[in-house]
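**Student:** 45 is the number of the first residue of the sequence shown in the working numbering; add one for each residue after it.
Just so it is clear, CB atoms sit at the ideal spot from N, CA and C, and this is done for glycine as well.
Bear in mind that the values here come from a model prediction, so they are computed numbers and not experimental data.
Got a structure for you, questions after.
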Amino acid sequence: MANQLRAARAIRGLSQAKLAKLADVSSMTVKRAEGSGKPYPSEGAVAAIRKALEEAGVEFIDENGGGAGVRLKKGSHQ
């Protein structure tokens, strides 16, 4: 999930600080969720980050044998 969160933030061009504000979490929480620190944030914090990214037009792709990833939702502009 850390790689997906980092990639999702990148394709939307968001800083960690901006994403933190959108998700109503701290910048340190975003940093930790992206795999840059310990302890790993709570499930609720990660869910808030993911929701903020989804609301920004990102779609999370499950593993499904081809590898997990992210992409822009159809109709979402970069």
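Could you give the distance in angstroms between the alpha-carbon of Val-90 and the alpha-carbon of Val-69?
**Tutor:** One C-alpha to the other measures close to 9 Å.
**Student:** Got a sec, what are the start and stop residues for the beta strand (DSSP E) Arg-115 sits in?
**Tutor:** Its beta strand (DSSP E) spans residues 113-116.
**Student:** Along the chain, where does the alpha helix (DSSP H) containing Val-69 start, and where does it finish?
**Tutor:** That residue, Val-69, is in no alpha helix (DSSP H); it is neither H nor E in DSSP.
**Student:** Leaving aside the five residues before and after Ala-52 along the sequence, list all residues of the same chain whose C-beta is less than 6 Å from its C-beta, in chain order.
**Tutor:** Closer than 6 Å at the Cβ level, and outside the excluded window around Ala-52, lie Leu-97, Val-102, Val-114.
**Student:** Assuming Pro-83 contacts Ala-77 under a Cβ cut-off of 8 Å, what Cβ separation, rounded to an integer in Å, is found between them?
**Tutor:** With 8 Å as the limit, Pro-83 and Ala-77 do not qualify as a contact, their Cβ atoms being about 11 Å apart.
**Student:** Give the DSSP bridge partners of Ile-105, in chain order.
**Tutor:** Answer is Gly-113, bridged to Ile-105.
**Student:** In the structure shown, what three-state DSSP assignment does Lys-82 receive?
**Tutor:** Of the three classes helix, strand and coil, the one that applies to Lys-82 here is coil, per DSSP.
**Student:** Secondary structure at Ala-100, three-state DSSP: helix, strand or coil?
**Tutor:** Reduced to three states, the DSSP call for Ala-100 is coil.
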